[in-house]
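Residue numbers (the working numbering): 1 to 226. What follows is a set of notes on a single structure, which appears directly below.
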Amino acid sequence: MAKIELAPSILSANFAQLGVDAKAALDAGGSVLHVDVMDGHFVPNVTIGPPVVASLRKATNLPLDVHLMIEDPDQFIPAFADAGADWISVHQEACVHLNRTLELIRSHGANPGVVINPATPVQTLEEVLDMVHHVLVMSVNPGFGGQKFIPSSLDKVRKLALMRTARRANFRIEIDGGMAPDTIGEAVRAGVEVLVAGNAVFGQGNPRENTQRLLKLATEATLQRV
Ligand code: DX5
Ligand code: ZN
């Protein structure tokens with residue numbers, strides 16, 4: 001069984017002390033740092049670009065998981081890879097030539113991932129499942145932190161796990177949006193291996209304690225997985 005990992009999303013961190021916040025969550029057991037890139041076109045919000053990824057690269061040796069919510073990602077993939085992104089994911093909905101885009105990510109030395117919005121069926125990924133390192137299932141509509149979890153996302157996780165077994169593929173299944181103490185267990189039981197959490201880590205209280213609590217709940221849920 002694949003290891004369960006928590007990927008703190010810096011979207012809900014204090015950007016005036018990004019390194020401090022990221023370190024707190026990673027020291028507490030977060031093992032991948034999730035970085036949300038938004039362009040104001042593909043999603044109705046704007047966040048950060050390659051210089052921030054380059055700064056985060058100096059703050060941790062753990063994998064930087066860069067989630068591109070941008071139009072025409074090919075234009076920026078080299079810059080994010082050069083900045084130190086380890087994983088780069090692109091939206092199926094943003095890529096006309098998805099195969100080419102995933103190859104581009106790999107050719108720049110990063111692990112390619114594909115993301116699907118809540119309204120996009122997993123079947124649309126059939127032809128790229130053998131070439132991705134991770135599939136990211138959005139469990140909210142992308143653009144903002146702190147939104148409500150969409151429960152039907154878990155059916156997509158289950159379908160993906162079946163598709164992976166049928167094809168003997170190796171990708172990891174990641175979920176993003178609305179992960180919190182009351183939703184994380186069911187996500188793990190459905191087959192998620194990488195859990196992104198922004199608001200639940202950085203939104204209130206102490207990021208260190210929040211991370212520990214979420215990881216404990218996720219690990220306990222692995223014991224109930226069928
Ligand atoms: C949403 C982003 C998420 C976001 C999740 O568009 O892709 O990574 O940080 O936030 P929470 O965990 O607050 O739902
Ligand atoms: Zn994200």
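By construction, the Cβ of each residue, glycine as well, lies at the ideal position given by its N, Cα and C atoms.
When secondary structure is reduced to three states using DSSP, V96 falls in the coil class, being assigned neither helix nor strand.
In this structure N199 is buried. Its beta-carbon is surrounded by 16 or more other beta-carbon atoms within 10 angstroms.
In the three-state reduction of the DSSP assignment, A7 falls in the strand class. DSSP places S89 in the strand class (E or B) of the three-state scheme.
Membership of L68 in the beta strand (DSSP E) is indicated by the continuous run 64 to 69.
Put simply, the region 5 to 13 touches the region 188 to 207. At least three CB pairs are less than 8 Å apart. Look at V135: its beta carbon is at least 7 Å from all of the heavy atoms in ligand 2. Here the distance from the Cβ of A25 to the nearest heavy atom of ligand 1 is not below 7 Å. Inclusion of W87 and A54 in the CB contact set at 8 Å is not warranted, their separation being larger than that value. D65 counts as buried, since no fewer than 16 other beta carbons sit within 10 angstroms of its beta carbon. Bridge pairing for N111: W87 [DSSP]. In the structure shown, R172 adopts extended strand secondary structure according to DSSP, grouped into three states. By the 16-neighbour rule on beta-carbons within 10 angstroms, P151 is exposed.
About 6 Å separates the CB atoms of L26 and L62; that is less than 8 Å, so the two are in contact. Nearest neighbour of L33 by Cα position, chosen from L18, V43, I77, turns out to be L18. Checking the DSSP bridge columns, you'll see D39 partnered with V46. Bridge pairing for M138: D176 [DSSP].
In the DSSP assignment, A25 falls within the alpha helix (DSSP H) that extends over 18 to 27. In this structure, ligand 1 has a non-hydrogen atom nearer than 7 Å to the beta-carbon of G145.
Within its own chain, the residues whose Cβ lies closer than 8 Å to the Cβ of Q147, once the five positions on either side in sequence are excluded, are V140, N141, G177, G178, listed in chain order. Excluding five sequence positions before and after G40, the CB atoms of its chain that fall closer than 6 Å to its own CB belong to V46, given in chain order.
Annotated three-state conformation of V157 is helix, per DSSP.
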